[in-house]
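Below is one structure, written out as structure tokens; comments come after it.
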Amino acid sequence: MERKGTKKLTEFLEIQDAQQARWEKEKVFEGDAFTSDPQKKNKYFVTFPYPYMNGRLHLGHTFSLSKCEFSIGFWRLKGKHCLFPFGLHCTGMPIKACADKLDREIKMFGNPPNFPLEEEAVEEIETSSPAAVDKTKGKKSKLNAKSAGLKYQWQIMASMGLSDKEIVKFTDTAYWLRYFPPLAIQDLKRMGLKVDWRRSFITTDANPYYDSFVRWHFLKLNEHDKVKFGKRYTIFSPLDDQPCMDHDRSSGEGVGPQEYTLIKMGLMEPFPAKLSPLKGRKVFLVAATMRPETMYGQTNCWIHPTMTYIAFESCNKEVFVSTRRAARNMSYQGITTGNAQINTLLEFVGQDILGVKLHAPLTSYQCIYTLPMMTIKEDKGTGVVTSVPSDSPDDFVALRDLKNKQQFREKFGIQDHMVLDFEPISIITIPGDSSFSVEEVCKQMKIQSQNDKEKLNEAKEVVYKKGFYEGVLKVGEYKGKRVQDVKKIVQQEMIKKNEAVLYMEPEKKVVSRSGDECVVALCDQWYLDYGESSWKEQVKKSLDNVETYHPEVRQNFLATLDWLREHACSRSYGLGTKLPWDEKYLIESLSDSTIYMAYYTVAYLLQGGTWDGSVAGPANIKPEQLTPEVWDYIFFKKSPFPKTDIPKATLDKLKNEFEYWYPVDLRTSGKDLVPNHLTYYLYNHCAIWKDDSSKWPRSIRANGHLLLNSEKMSKSSGNFLTLSEALEKYSADGMRMALADAGDFIEDANFVEKIADSGLLRLHSYLEWVKEMVPLLNSMRSGPYNFNDKVFINEMNKKLQETESSFEKMLYKEALKTGFYEYQALRDNYREMAMDGMHQNLVKWFIETQTLILSPISPHLCDHIWQILGHTTSIMKASWPTSDVVDESLSLSAEYLIEAVHSFRLRKKGILLNKYTVSSHLCFSPKAIDSWG
Numbered sequence: 019m020e021r022k023g024t025k026k027l028t029e030f031l032e033i034q035d036a037q038q039a040r041w042e043k044e045k046v047f048e049g050d051a052f053t054s055d056p057q058k059k060n061k062y063f064v065t066f067p068y069p070y071m072n073g074r075l076h077l078g079h080t081f082s083l084s085k086c087e088f089s090i091g092f093w094r095l096k097g098k099h100c101l102f103p104f105g106l107h108c109t110g111m112p113i114k115a116c117a118d119k120l121d122r123e124i125k126m127f128g129n130p131p132n133f134p135l136e137e138e139a140v141e142e143i144e145t146s147s148p149a150a151v152d153k154t155k156g157k158k159s160k161l162n163a164k165s166a167g168l169k170y171q172w173q174i175m176a177s178m179g180l181s182d183k184e185i186v187k188f189t190d191t192a193y194w195l196r197y198f199p200p201l202a203i204q205d206l207k208r209m210g211l212k213v214d215w216r217r218s219f220i221t222t223d224a225n226p227y228y229d230s231f232v233r234w235h236f237l238k239l240n241e242h243d244k245v246k247f248g249k250r251y252t253i254f255s256p257l258d259d260q261p262c263m264d265h266d267r268s269s270g271e272g273v274g275p276q277e278y279t280l281i282k283m284g285l286m287e288p289f290p291a292k293l294s295p296l297k298g299r300k301v302f303l304v305a306a307t308m309r310p311e312t313m314y315g316q317t318n319c320w321i322h323p324t325m326t327y328i329a330f331e332s333c334n335k336e337v338f339v340s341t342r343r344a345a346r347n348m349s350y351q352g353i354t355t356g357n358a359q360i361n362t363l364l365e366f367v368g369q370d371i372l373g374v375k376l377h378a379p380l381t382s383y384q385c386i387y388t389l390p391m392m393t394i395k396e397d398k399g400t401g402v403v404t405s406v407p408s409d410s411p412d413d414f415v416a417l418r419d420l421k422n423k424q425q426f427r428e429k430f431g432i433q434d435h436m437v438l439d440f441e442p443i444s445i446i447t448i449p450g451d452s453s454f455s456v457e458e459v460c461k462q463m464k465i466q467s468q469n470d471k472e473k474l475n476e477a478k479e480v481v482y483k484k485g486f487y488e489g490v491l492k493v494g495e496y497k498g499k500r501v502q503d504v505k506k507i508v509q510q511e512m513i514k515k516n517e518a519v520l521y522m523e524p525e526k527k528v529v530s531r532s533g534d535e536c537v538v539a540l541c542d543q544w545y546l547d548y549g550e551s552s553w554k555e556q557v558k559k560s561l562d563n564v565e566t567y568h569p570e571v572r573q574n575f576l577a578t579l580d581w582l583r584e585h586a587c588s589r590s591y592g593l594g595t596k597l598p599w600d601e602k603y604l605i606e607s608l609s610d611s612t613i614y615m616a617y618y619t620v621a622y623l624l625q626g627g628t629w630d631g632s633v634a635g636p637a638n639i640k641p642e643q644l645t646p647e648v649w650d651y652i653f654f655k656k657s658p659f660p661k662t663d664i665p666k667a668t669l670d671k672l673k674n675e676f677e678y679w680y681p682v683d684l685r686t687s688g689k690d691l692v693p694n695h696l697t698y699y700l701y702n703h704c705a706i707w708k709d710d711s712s713k714w715p716r717s718i719r720a721n722g723h724l725l726l727n728s729e730k731m732s733k734s735s736g737n738f739l740t741l742s743e744a745l746e747k748y749s750a751d752g753m754r755m756a757l758a759d760a761g762d763f764i765e766d767a768n769f770v771e772k773i774a775d776s777g778l779l780r781l782h783s784y785l786e787w788v789k790e791m792v793p794l795l796n797s798m799r800s801g802p803y804n805f806n807d808k809v810f811i812n813e814m815n816k817k818l819q820e821t822e823s824s825f826e827k828m829l830y831k832e833a834l835k836t837g838f839y840e841y842q843a844l845r846d847n848y849r850e851m852a853m854d855g856m857h858q859n860l861v862k863w864f865i866e867t868q869t870l871i872l873s874p875i876s877p878h879l880c881d882h883i884w885q886i887l888g889h890t891t892s893i894m895k896a897s898w899p900t901s902d903v904v905d906e907s908l909s910l911s912a913e914y915l916i917e918a919v920h921s922f923r924l925r926k927k928g929i930l931l932n933k934y935t936v937s938s939h940l941c942f943s944p945k946a947i948d949s950w951g
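Okay, here's the thing in structure tokens:
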């Protein structure tokens, strides 16, 4: 590739290539278990969640894995025997969904595709079924792609620089597995990652060794009764016809099912004209509420006048009225007449059912009426909202507004008695606070109307929290009971009496990678029972011994453990390993990726350096020889030797590799994986090694998301950098400097391109200074150290210790600050103060220590400088510099002296400037001088 850019960048890229070639030749990052260190006191094993192989790696991946990378660079210098393996994830939906999407586009629009013009209007290709594709073959799509913010898969592939001829090959999922993994490895090697690449692998059954390992993993979970089967509510993609887990989503990661109670409000005669065809049938407007215990206070039902509603058949032949979106959700939960089917009887707008009379359960009013509300949203709930103004500030203010606006009532044909005859029903009391009510809160907050949205949200937070946690019911069968105690009881009673239905929908909008808006479905599925109490307690116990580096991360783990219950672990679409006892299902991607770190320890002996497992490794074991009993022997210390034709010495070598490297000393990841992958990681380690806590994880370092130049990274906005692009623009070391500087904490970090540029310049300045100084060392001052020398030594010791502490705490921005920027400033101060010249020993010591402590972050330049200093071995085999005790009194003396010298120089400069001004004035005539005043 022809390289463009500055001379400095070109020089760094050449240094980078040379050092990487040397490291690979010397195999400096390959690590085997030490048989001489049975106590494992010297080992350090780090892992990073393997990235998904449906494209090139980007800076977001790079930032998270840099935490691993800098850590292992530091601990190598501290004398640890380090291992950093790296896998490549292919399991799940993304590759399959993209391949199928590409295939549909070709069938619909040709090869190469003739995509529709932006101004033409029609249905979206991603939601087209195979049958629809056949019908529309050769026709143009009606979708306005630009306004919908969409991209065709073909265009996405073309944006990666792929030719039309090449793109066609990606309709085959196997081609993705051959194409992207080598590119990922290539980019990561160019970054200078300290990885033992012998241990790399791809997932799915395309790799028979890994496939065997995952099957063993699930057989053990099943043996320990951790895998269950039954109907469960789960986020589901109707287009893909299967559960949609976090990694299968293009948006909505972390979103789960939200439980509602569907309140059935019966339509009373006379029916409105639009619903007259339903006369004689039981018709219910169904409202989704999270507070069924407040239904004692219903005064009316809210309907949006212009929203579209449908009437459809329920499973027991009743008629329900809701939005079509809500009906779609219900059809996957056994609420409608058939699974995934909606028998639509009528379609109409809200105006058509305003002012109708309803019978609502629990309320003391004999009937209530449907009234207009303009703030109802179609993307949440059913579009039908039951009103409890005594418990809801929104309802209270909306009802008050309607009472005060006769013109608004008349506009929608609402008669006065439908509104004016209804007052809020006080249903909850707060012991010791008789003044507490929604009306009082609205007065205190001076809420004037429904337009005071921020105040209403604040009031709702106050009322709901206080009412639910402190409130006591003052009406109904459970009068005198605490609200939080009766919520579930009231719900179950209503369902039992056929007054309500249990209903679920996603907490927020979820879109699958196939472009499909997901629903909540009640599915027959295999699931991991993460809610099981003894398992959960075991995980909490394991967390006590996990270093999380930031208290927020620990709190996120604990919060996750509080709400986590079942997790669907099987699917029927995508790539992966088949469930051993039910092979019509695949194991989903968040379930097969929890203990694979154990597989790293033996992968190189099994696979022979091939990431797809196509060639047997040094152990000369075939995949079919890896029976469950063989895996047991490898991974369980006390497991008996299995019945096998594999030599015992061979299996003992695999067993020793695992026993030596495990447990994982550090796992790094983005904070978004705490509520899913990282928690499952803890669960599965506790389950598989339930009797051996020594195998449980030791530390987890989570970080925030990465911004690019203070803005969210986005391909559509153009604010995006792949790893490959960043390497070409800034070199590996320049990029790594900016990654270290980006941020250390759980908040979002910021990769600033100007910092990458300036970092590259500062590194180059350091290199040039080293090249200038090294030949001059022998001509520099030698002999005893003077005061300035001792100060320099003392300050270097101080910064060495501060930098070491930052590296230990994984605070790399701070390590860069003290270990490079401030360390360089020490040299500059010394050079300025050393009137009789710098001492040769100290210049050399400075260069050596500066190079060593910077090497975890900028290894290529540092190894190059290490050679300039005359070292014949790589800096990767060097040790962290030792430092002496810091003399604080000497530091204070030096600080005083530097300030005094600085003050003296400023005063001298001022005096000289005054002399210059006077002498200059003498060159002019007295008249000119007078004119200056």
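In the working numbering, the protein residues as written are 19 to 951. Ideal Cβ placement from N, Cα and C applies to all residues, glycine included.
| query | result |
| --- | --- |
| The stretch 536-556 contacting the stretch 299-311, beta-carbon criterion three pairs below 8 Å | no |
| K155 - DSSP class collapsed to helix/strand/coil | In this prediction, K155 scores a pLDDT of 37, lower than 50, which makes its location untrustworthy; the coordinate-derived value is nonetheless stated afterwards. Of the three classes helix, strand and coil, the one that applies to K155 here is coil, per DSSP. |
| Rounded Cβ spacing between G91 and S873 (contact assumed at less than 8 Å) | 6 Å |
| Reduced DSSP category for Y197 - H, G, I as helix; E, B as strand; rest coil | helix |
| Simplified DSSP assignment, three categories, for C460 | helix |
| Beta-ladder partner(s) of T686, from DSSP | R719 |
| C-alpha gap between S943 and I865, whole angstroms | Any reading at S943 needs caution, since the residue's pLDDT is 48, under 50, leaving its predicted position unreliable; the model's value is listed next. Rounded to the nearest angstrom, the two C-alpha atoms are 57 Å apart. |
| Proximity below 8 Å, CB of S268 to CB of S530 | yes |
| Unbroken alpha helix (DSSP H) run spanning C319, endpoints | Segment N318 to I321 is the beta strand (DSSP E) holding C319; no alpha helix (DSSP H) there. |
| Spatial neighbours of P226 in its chain, beta-carbon cut-off 7 Å, leaving aside the 5 residues before and after | G631 and P641 |
| Q425, enclosing alpha helix (DSSP H) - first and last residue | Q424 to K429 |
| Under 8 Å between C-beta atoms of C333 and I353 | yes |
| Contacting residues, own chain, Cβ-Cβ under 6 Å from G431 (five flanking each side not counted) | G373 |
| Whole-number beta carbon distance between R94 and Y622, since they are thought to touch under 8 Å | The pair is not a contact, with the Cβ atoms about 19 Å apart (cut-off 8 Å). |
| Under 8 Å between C-beta atoms of A774 and N721 | no |
| Reference Y350; option with closest CA among M522, D412 and R74 | M522 |
| Classification of L27 by the beta-carbon crowding that lies within 10 angstroms, buried from 16 upward | buried |
| Beta-carbon separation (whole angstroms), K249 vs M828, contact threshold 8 Å | About 44 Å separates the two Cβ atoms, so there is no contact after all. |
| Where E336 falls: helix, strand or coil (DSSP) | coil |
| Proximity of F659 and A616 at Cβ, strictly below 8 Å | no |
| Given D600 as reference, the closest of Q204, Y545 and K300 once Cα atoms are compared | Y545 |
| Cβ-Cβ distance between V456 and S405 below 8 Å | no |
| Coarse secondary structure for F88, derived from DSSP in three states | helix |
| R309: first and last residue of the uninterrupted beta strand (DSSP E) it sits in | Neither: R309 is in no beta strand (DSSP E) and is coded neither H nor E. |
| Secondary structure, beta strand (DSSP E): runs of 3+ residues fully inside the stretch 40-72 | 61-65 |
| Residues bridged to G356 [DSSP beta-bridge criterion] | Q359 |
| Any alpha helix (DSSP H) of 4 or more consecutive residues that is wholly inside the stretch 603-669 | 614-625 and 646-653 |
| C-alpha gap between H695 and V481, whole angstroms | 36 Å |
| Run of the alpha helix (DSSP H) containing V504, from where it starts to where it stops | V501 to K514 |
| Three-state class that DSSP yields for M851 in the structure shown | helix |
| Cβ shell of L624 (< 7 Å), same chain only, five flanking positions each side left out | Y227, G635, A637 and I639 |
| With 16 other Cβ atoms within 10 Å as the buried cut-off, status of W714 | buried |
| Where D542 sits in the DSSP three-state scheme | strand |
| contact_flag[the stretch 561-579, the stretch 185-197] where n(CB pairs < 8 Å) is 3 or more | no |
| CA nearest to the CA of K484, picked from L376, Q842, V508 and V459 | V459 |
| Segments assigned alpha helix (DSSP H), at least 4 residues, entirely inside the stretch 786-839 | 805-826 and 830-834 |
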